[in-house]
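Reviewing the structure listed below.
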Amino acid sequence: MLNAPIIMYAGMTHLGLNSAAAAAARGFNVVCFDMDSDIIEKIQRGELSIEEPLLVDTLNENAERLTFTSEVSAIKGCDVVYVAPDVATNEANQSDLNDLLALLDVVTVQAREDSAVIILSQVPPGFTRSKNVKGRTLFCQVETLIFGNAIERALNPERIIIGCLNPSKPLHDGYRKFLETFECPLLPMRYESAELAKISINCFLVASVSTTNTLAELCEKIGANWEEIVPALRLDKRIGPYAYLNPGLGIAGGNLERDLETVVRFSKEQDTDADVVKAWISNSRQRKRAAVRVLEEYVLPNHQDPLIAVWGLAYKENTHSIKNSASLETISTFPNCQFHIHDPIVPIEKAQHPRALGFDYPMAAAVDADVLLVLTPWPEYAECDITALAVAMSGKTVFDPFGVLNSRQVVQSGLNYHSLGKAPIWAE
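Below, the structure is given as structure tokens:
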């Protein structure tokens with residue numbers, strides 16, 4: 184690409200590595216930097232600690248445009264430098280910015296004055312302005328990657344939100360050339376607006392999740408079926424075909440929870456109302472215990488020491504992340520029960536349960552089980568032989584909150600089917 188800027192992503196965790204792969208796929212020469220040489224060496228050997236569909240293929244297909252290094256001198260050779268380490272959250276869902284701050288300090292010192300430095304990591308409102316240095320072109324860009332679909336999101340964003348010191352001024356030339364190749368709307372705005380835009384997007388998403396879960400739970404009690412209601416909502420222009428209308432086990436993963444806690448904290452500091460956000464948090468906690476309620480109502484009264492089969496530990500499919508996983512919360516609620524567990528990626532050690540055993544195959548975990556909980560919608564679970572499952576299990580209870588299994592086949596095989604958004608279906 185003639186006169187194309189050289190792009191750097193600093194911080195080779197999920198955000199930085201997936202974004203770098205997408206930039207290379209767009210035809211740019213990309214430098215992948217991390218201060219930890221061990222991380223760089225493992226990536227160069229193909230040892231990725233990140234599970235993400237299409238990531239390995241994208242890296243391999245664009246290897247000639249990707250350079251991996253831990254040498255800080257490489258920063259000076261780049262025209263556009265993204266600071267993009269993942270920002271972890273603690274048990275209170277608050278951000279730990281230490282890694283980001285350390286990396287930003289290095290980049291700020293090493294980057295050329297005529298380069299653009301962009302904070303891609305999620306930061307709270309006011310952070311970017313506090314780090315702005317006179318004579319430095321500093322931006323923040325809102326990332327909207329999704330675990331399990333990061334490459335597609337990085338390659339084809341709906342829009343790019345750019346936080347600027349002065350949004351009325353033209354963007355840095357190299358930065359603009361890079362962004363224009365994505366062929367989507369560019370939305371420059373002041374730093375604080377961009378930082379709050381990310382939180383706003385997630386709040387609207389949580390509103391959909393919370394509304395869906397609230398009404399789906401009501402369906403389960405009154406005999407309505409949420410699946411029958413969804414088409415009417417998607418055809419309403421005020422809601423739309425892309426609305427998040429799938430019932431789930433609360434919000435998880437860390438990012439949404441962090442944004443809700445940020446809104447609550449800022450609202451308290453600024454004396455504004457955030458009661459609706461607090462209600463979303465409460466709703467998520469309630470919904471996350473759906474499997475617990477199934478066990479307490481339908482299994483524990485009938486079995487003194489039930490064997491509980493669990494399919495899935497990750498908080499969602501196509502990721503190794505277990506942050507705020509409903510599966511782990513369910514398992515931890517019953518320290519004295521025995522669990523047989525399968526997850527295609529997450530190791531059994533993550534369950535941290537004294538009576539949990541891991542299995543290499545989902546059907547093996549279900550043998551002699553009194554109940555099966557399908558708590559992560561991995562695609563391979565949909566391919567299981569329902570008849571064989573019914574023969575393998577000792578009990579008759581299946582909780583399939585995401586509708587992975589064919590409910591009709593489950594019931595016809597003699598099992599009782601529990602899901603979200605509809606009343607339980609009993610085997611004849």
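If you're matching positions, the sequence shown starts at 184 in our numbering and goes up one per residue.
Note that beta-carbon positions come from the ideal geometry of N, C-alpha and C, so glycine has one too.
Span of the beta strand (DSSP E), counted from its first residue to its last, around residue i
i      : result
Thr580 : 580-582
His601 : 599-601
Gln469 : No beta strand (DSSP E) contains Gln469, which is instead part of the alpha helix (DSSP H) from 458-471.
Thr241 : Unbroken run through Thr241 is the alpha helix (DSSP H), 238-244; no beta strand (DSSP E).
Ala492 : 490-494
Phe449 : That residue, Phe449, is in no beta strand (DSSP E); its alpha helix (DSSP H) goes 438-453.
Ala299 : 299-302
Endpoints, the alpha helix (DSSP H) within which residue i is located
i      : result
Met546 : 545-549
Leu556 : Where Leu556 is concerned, there is no enclosing alpha helix (DSSP H), although the beta strand (DSSP E) it sits in stretches over 554-557.
Ala380 : 374-405
Ala415 : 409-417
Leu200 : 197-208
Asp279 : Careful: Asp279 lies outside any alpha helix (DSSP H) and carries neither H nor E.
Leu338 : 333-338
Gly423 : Segment: none, Gly423 is in no alpha helix (DSSP H) and carries neither H nor E.
Ala534 : Looking at the DSSP string, Ala534 is not in any alpha helix (DSSP H), and its letter there is neither H nor E.
Thr311 : 310-314
Glu224 : 220-227
Closest by C-alpha distance to residue i, when choosing among the options
i      : options                        : result
Tyr544 : Val554, Lys506, Trp494         : Trp494
Thr137 : Pro584, Asn201, Arg209, Val447 : Residue numbering for the chain in the displayed model covers 184 to 611; residue 137 lies beyond these limits and cannot be assessed.
Ala473 : Ile505, Pro430, Arg448         : Pro430
Tyr358 : Val264, Ile382, Asn408         : Val264
Glu224 : Leu198, Thr252, Ala246         : Thr252
Thr241 : Ala204, Leu231, Glu247         : Ala204
Ser515 : His523, Ala534, Glu500         : Ala534
Glu378 : Phe387, Leu388, Lys259, Gly346 : Gly346
His503 : Ile528, Asn485, Leu511, Pro484 : Ile528
Gln324 : Gln305, Val290, Asp568         : Gln305
Glu296 : Gly260, Leu286, Ser351         : Gly260
Pro368 : Thr395, Asn339, Leu388         : Asn339
Arg476 : Lys314, Pro584, Glu611         : Pro584
Ile422 : Ala275, Phe387, Ile258, Glu230 : Phe387
Asp356 : Ser391, Tyr192, Pro188, Pro414 : Pro188
Phe361 : Val213, Val482, Leu198, Asn466 : Val213
Ile258 : Glu480, Ile190, Gln469, Asp458 : Ile190
Asn501 : Glu366, Arg468, Phe330         : Phe330
Ser467 : His536, Gln521, Arg448, Ala390 : Ala390
Ala275 : Arg448, Ser393, Glu326, Ile233 : Arg448
CB of residue i within 7 Å of CB of residue j, strictly
i      : j      : result
Phe322 : Ile301 : yes
Thr196 : Asp269 : yes
Asp155 : Leu496 : Absent from the structure is residue 155, since the part of the chain shown begins at 184 and ends at 611.
Thr311 : Tyr374 : yes
Gln293 : Val255 : yes
Leu490 : Asp551 : yes
Ile464 : Leu443 : yes
Ala509 : Lys461 : no
Gly436 : Lys506 : yes
Tyr600 : Val574 : no
Leu348 : Thr395 : no
Gln610 : Gly597 : Looking at the sequence provided, one finds Ala at residue 610 rather than Gln. Closer than 7 Å, so yes.
Ala549 : Ala492 : yes
Ala612 : Leu238 : Look at the range of the chain in this structure, 184 to 611, and you will see that residue 612 is not part of it.
Thr320 : Ala337 : no
Ala380 : Glu235 : no
Thr445 : Ile531 : no
Leu286 : Gly194 : yes
Residue i classed as buried or exposed, judged by whether at least 16 other C-beta atoms fall within 10 angstroms
i      : result
Arg228 : exposed
Tyr498 : buried
Gln487 : exposed
Thr513 : buried
Pro562 : exposed
Gly604 : buried
Gly406 : exposed
Pro308 : buried
Arg342 : exposed
Arg441 : buried
Phe211 : buried
Asn281 : exposed
Tyr192 : buried
Thr559 : buried
Pro371 : buried
Beta bridge counterpart(s) of residue i as assigned by DSSP
i      : result
Ala539 : Phe522
Gln324 : Ile345
Met191 : Val214, Val264
Pro371 : Ile345
Leu249 : Val213
Thr502 : Beta-bridge pairing links Thr502 to no other residue.
Thr272 : Ser278
Ile608 : Tyr600
Cβ of residue i within 7 Å of any chain C Cβ
i      : result
Tyr481 : The question asks about chain C, but that chain is absent: this structure has only one protein chain.
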